[in-house]
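Take the sequence shown: its letter number 92 is residue 92 in the working numbering, and every next letter is one higher.
Just so you know, even glycine gets a beta-carbon here, dropped at the ideal spot from N, CA and C.
Predicted model, so just to flag it, every value in this text is computed and none were measured.
Below: one structure, written as structure tokens.
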Amino acid sequence: MRIYFHTFGCKVNQYETQLLREQICYNGNYQPVEKIETADIAIINSCTVTHNADADTRQLVRRIIRVNPRCRIIVTGCYAVRSKKEILDISNSVEICPIKEKIPCYLGLNNENRQTITYFADHSRAFVKIQDGCDAFCSYCIVPYVRPKLWSKPLETILKEVDSLVENGYKEIVLCGIRLGKYSSNNAKNFAELVKNLMNIREDFR
């Protein structure tokens, strides 16, 4: 099966798409492709921070239906959480899977539970997600309503992930999250302690 991935939005979304790519394509049953015209399945990781972001997702869904009507379309991400009806109004054939973590299982990959990446497709630098969620609930911001509750990746997992990416040739690592200042884990109480631990990795990277 040939599968096409498209990401809208932030670095966290880009990281999560890469994680999905590795989870889904690892066993060889799914082959990633760059052109939607050749895909059997399209996974769209959506954003909903602005109306333009919503419109971009709808526009891509319409384009896929037009150029590849047999393609199975799965929409995930923040727009899928906020307003799946607006997406389904385009076509009832579109599948909505708001929780990205469930997509491998949704595709029948019940044993795939990896939580880190080993490379970053089409990038010279790698993003590493260390944190998710926000509890600020600013009056102008939709993010706390469409992202998970506050969560931080364990320090040991981050160190292994960064070390693996550096070994695979990435010289620049970008730490990403929804609210980085809220990072806190058992062995790194805050973001500053995390950075100090990363500086102890004996590799040439920044």
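Measuring CB to CB, does residue i end up less than 8 angstroms from residue j?
i: alanine 121; j: tyrosine 170; result: no
i: asparagine 190; j: leucine 155; result: no
i: isoleucine 103; j: isoleucine 74; result: yes
i: lysine 84; j: isoleucine 96; result: yes
i: isoleucine 117; j: leucine 194; result: no
i: valine 81; j: valine 143; result: no
i: glycine 133; j: isoleucine 178; result: yes
i: tyrosine 119; j: asparagine 68; result: no
i: leucine 198; j: valine 162; result: yes
i: valine 166; j: tyrosine 15; result: no
So, with DSSP's three-state summary, where would you put residue i?
i: aspartate 89; result: coil
i: arginine 82; result: helix
i: glutamine 131; result: strand
i: alanine 55; result: helix
i: valine 67; result: helix
i: threonine 76; result: strand
i: threonine 17; result: helix
i: glutamate 22; result: helix
i: arginine 2; result: strand
i: threonine 118; result: coil
Do you know how far the Cα of residue j is from the Cα of residue i?
i: threonine 76; j: isoleucine 44; result: 6 angstroms
i: serine 164; j: aspartate 89; result: 43 angstroms
i: threonine 157; j: aspartate 56; result: 34 angstroms
i: lysine 11; j: alanine 42; result: 20 angstroms
i: valine 174; j: serine 124; result: 11 angstroms
i: glutamate 37; j: asparagine 113; result: 29 angstroms
i: lysine 35; j: arginine 21; result: 15 angstroms
i: phenylalanine 5; j: serine 91; result: 19 angstroms
i: glycine 28; j: tyrosine 140; result: 43 angstroms
i: asparagine 200; j: histidine 51; result: 43 angstroms
i: lysine 149; j: cysteine 78; result: 13 angstroms
i: alanine 53; j: phenylalanine 205; result: 33 angstroms
i: valine 33; j: alanine 39; result: 7 angstroms
i: glutamine 115; j: threonine 7; result: 18 angstroms
i: serine 185; j: lysine 153; result: 7 angstroms
i: arginine 58; j: arginine 70; result: 18 angstroms
i: threonine 48; j: leucine 159; result: 31 angstroms
i: serine 46; j: threonine 17; result: 10 angstroms
i: alanine 192; j: lysine 182; result: 11 angstroms
i: arginine 202; j: arginine 66; result: 51 angstroms
i: asparagine 13; j: lysine 196; result: 26 angstroms
i: glycine 9; j: cysteine 105; result: 24 angstroms
Among the residues of its own chain, which have a CB less than 6 angstroms from the CB of residue i, if the five just before and after it don't count?
i: tyrosine 30; result: Met1, Ile3 and Ile24
i: tryptophan 151; result: Asp132 and Gly133
Leaving out five residues before and five after residue i in sequence, what residues of the same chain have Cβ atoms less than 7 angstroms from its Cβ?
i: valine 94; result: Val61, Ile73, Val75, Ile87 and Leu88
Which residues in the same chain have their Cβ closer than 8 angstroms to the Cβ of residue i, if we skip the five residues on either side of it in sequence?
i: leucine 107; result: Ile24, Tyr30 and Ile41
i: alanine 207; result: Here the chain comprises residues numbered 1 to 206, so residue 207 is not present and cannot be evaluated.
i: glutamate 172; result: Ser124, Arg125, Ala126, Phe205 and Arg206
Alpha helix (DSSP H) segments (min. 4 residues) lying fully within the segment 137-198: 143-146, 155-167 and 191-198
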